[in-house]
Amino acid sequence: MAKKLMKGCEAIGEAAIQAGCRLFFGYPITPQNEIPEYMSHRLPQVGGTFVQAESEVAASNMLYGAAGSGERVFTSSSSPGISLMMEAISYMAGSELPTVIVNIMRAGPGLGGILPSQGDYLQATKGGGHGDYRLLVLAPWSVQEAADLVQDAFDLADFYRNPVMILGDGLIGQMMEPVEFRTDRKPRKELAPKTWAATGWKGDRPRAIINSLFLDPEVLERHNHKLQAKYEAMARDEQRWAESGVAGECDVLVVAYGTVARVASSAMEDLRAHGVRAAMLRPISLFPYPYEAVRRAAERARAVLVCELSCGQMLEDVRLAVEGRRPVHFLGRQGGMLLTPEEIAARIAELAAPREVSHA
Amino acid sequence: MPESVVFERPEALAPVSTTYCPGCTHGVVHRLVAEVIDELGVRERTVGIAPVGCAVFAYNFFSTDFHQAAHGRAPAVATGIKRARPDLVVFAYQGDGDLASIGMAEILHCANRGEKVTVVFVNNAIYGMTGGQMAPTTMPGQVATTCPLGRDVATAGHPIRVVELVSTLRTPAFVARTAVHTPLHALRAKEMLRRAFRYQVEGTCFSFVEFLSTCPTNWGMPPAEACDWVEKNMVPYYPLGVFKTPEGADRAPRPLRAGEA
């Protein structure tokens, strides 16, 4: 397929269709309205179904029903809407349903604003809804990567029988870039037939019951252990990250994800020209988090700088990875304000500058 | 004299004991639903949705595939199932706290979109599973654990008549209210259910059947008295009958006249 110039939101929608998804349930919220709009005209063309739900609460529960029927299904929303979906997301995780949920993050808390943010990192990666569960969370930094990750997300959801979240910010959703959809792609792992789906009981298998209720505490504990084993398998097999300049020693390691990493990489091009040794590690999977890769990269740097469009959320994971071996600094903007390459470059240069060491 | 079977468990009802309290009419409603599923011959392609409430374990009591839904969300889950697999016969089974309180948005919009699903609404005027709290359907003056002096309509409002509310929607639907506190009522109720499921199977419309039900445990009375309580207190406020049919252009409620099935 030839490259097409597409808005991030539309590329996400088209990627879902290319991945075989024929069902979308959603509710309008800025800045991701182009996704439901795209799906509303595109799905009927391929024999699919688009439903505008009465709320994000309903949309996410429609997802639950459709996923439980064994079909590929996705929804998209933005921060306040994702908060409303957290109930159903917890049920999906508990019932082991494969779904894909796209969060085009806007600034919060509360109604916040409509401009880009990365303020939902903790919600996405540490739970969000109630109970011990995890989402597999992938963060694209370009429209092309958004399209690729959406296609992978459906396979990962099916493989692990777990909701997968694509965590983008308003920039990813709104910017236009050339994108190409791989038509030859195959799942990286063999996907088992969905024999667990509730498709009508004819007696040829155990009854399918899509359920997260286990009143017997021993049974529920076993169920939790089963889920945890799945999350451990994700941590072992699904870490994704990209890095540049981390092969050798450096002054500053920048850790950033999504569009912030994009801004940071242009800052670093200038710095390298000025002799500052800066490296970058960009986590692509936010859960599972590439702790080991961050630790290894940090050990080759004198200092670590975490850049985020938040008050410091991924910062906590970087600190966990570095375990106090190196100083970890933070540079962030909030409220929909963006980091500029100049701001990031200035902070890196400041951290890279030799300092007087006092031996008091 | 040769033996012949005159009464047996419907195939759609699982061969297990239920968890319902003695005298509760959930069991009757379950049986009626199962009989209708059997009679229509759709058991193998039926998927039910269990609510949060006393019927939370409904998935154990029917011999069909099932989803367990979050509190009040069964109509949204039903929408997802039916849109994903239009060949399935989908029914949501919900109580009054689940449907008329926390799930009011989901039921109204499911009905308004005209989803081709069937909703079985069991109204016993109280929260049973959580121990007898006031429901949106609790009768004025009725004592519950969160209105120990009886429901005060000045602060809690009046009981919500869901069937009447759903019937105001312009979208074609089959909407009826029935009861199961006497054998005759149960027979009429089954006819309503049969129509409701048939409309779905034929792909005609959304269908909704309310059952006035008893809760002897939380009402604090013996089962027989609870049946009388339904007749005396609930039926006058929640009139029985067919309120809307897909054929009728008439949007006004049409209570069933005496003698009409």
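Line by line, the protein sequences are chains A and B. Sequential numbering from 1 applies to the first sequence in my numbering. Sequential numbering from 1 applies to the second sequence in my numbering. Positions of the beta carbon are idealized from the N, C-alpha and C atoms, including for glycine.
- Query: Would residue 79 of chain A pass as a contact of residue 119 of chain A if the rule is Cβ separation under 8 Å?
  - Reply: yes
- Query: In chain A, what lies closer than 8 Å to residue 66 of chain B by C-beta?
  - Reply: 198, 207, 208, 209, 210, 211
- Message: Are the CB atoms of residue 62 of chain B and residue 92 of chain B within a distance shorter than 8 Å?
- Response: no
- Query: For a contact meaning CB atoms closer than 9 Å, what does residue 33 of chain B contact in chain A?
  - Reply: Neighbours of residue 33 of chain B on chain A: none; closest Cβ ~15 Å, over 9 Å.
- Message: Using a 10 Å radius around the Cβ and a threshold of 16 neighbouring Cβ atoms, would you call residue 6 of chain B buried or exposed?
- Response: exposed
- Check whether the Cβ atoms of residue 60 of chain A and residue 89 of chain A sit closer than 8 Å, and answer yes or no. yes
- Beta-carbon of residue 261 of chain B versus every beta-carbon of chain A: anything under 8 Å? A caution first: residue 261 of chain B carries a pLDDT of 48, below 50, which makes its placement in the model unreliable, though a value can still be read off. So, not an interface residue.
- Task: Out of A:57, A:36, A:98, A:343, point me to the one whose CA is closest to residue 51 of chain A's CA.
- Result: A:36
- Query: If you compare alpha carbons, which of B:64, B:189, B:128 is closest to residue 24 of chain B?
  - Reply: B:128
- Message: So for residue 108 of chain B, helix, strand or coil by DSSP?
- Response: helix
- Query: Is it buried or exposed for residue 4 of chain A, if we count other Cβ within 10 angstroms and need 16 for buried?
  - Reply: exposed
- Spell out whether any CB of chain A is found under 8 Å from the CB atom of residue 202 of chain B. no
- Item | Cutoff 6 Å; reference residue 263 of chain A; Cβ partners in own chain excluding five residues on either side | 339, 341
- Considering residue 103 of chain A, what are the terminal residues of the beta strand (DSSP E) in which it resides? 100-105
- Query: Going by C-alpha distance, which of A:303, A:49, A:252 is nearest residue 66 of chain A?
  - Reply: A:49
- Task: Could you tell me which chain B residues have their CB closer than 7 Å to the CB of residue 25 of chain A, listed as they occur along the chain?
- Result: 80
- Item | Cross-strand partners of residue 46 of chain B (DSSP beta bridge) | B:89
- State the CB to CB distance for the pair residue 92 of chain A and residue 80 of chain B, rounded to an integer number of angstroms; the pair is presumed to be in contact (CB under 8 Å). Actually they do not touch by this definition, with Cβ atoms about 11 Å apart.
- Message: Would residue 176 of chain B and residue 243 of chain B qualify as a contact pair, given that the criterion is a beta-carbon distance under 8 Å?
- Response: yes
- Determine whether the Cβ of residue 77 of chain B lies closer than 8 Å to any Cβ atom of chain A. yes
- DSSP three-state call for residue 71 of chain B: helix, strand or coil? coil
- Item | Min CB distance residue 45 of chain B to chain A below 8 Å | yes
- Task: Mark residue 44 of chain A as exposed unless 16 or more other C-beta atoms lie within 10 angstroms of its C-beta, in which case mark it buried.
- Result: exposed
- Task: Taking C-beta pairs closer than 8 Å, name the residues in chain B that residue 68 of chain A reaches, listed in chain order.
- Result: 67, 77, 80, 81
- Item | Under 8 Å by beta carbon: chain B residues contacting residue 55 of chain A | 105
- Using the C-alpha atoms, what's the distance from residue 69 of chain B back to residue 94 of chain A? 12 Å
- Would you say residue 63 of chain B faces chain A, with C-beta separation under 8 Å as the test? yes
- Query: If residue 74 of chain B and residue 103 of chain B are in contact, beta carbons under 8 Å, what's the gap, nearest whole angstrom?
  - Reply: 7 Å
- Query: Can you check whether the CB of residue 281 of chain A is closer than 8 Å to the CB of residue 253 of chain A?
  - Reply: yes
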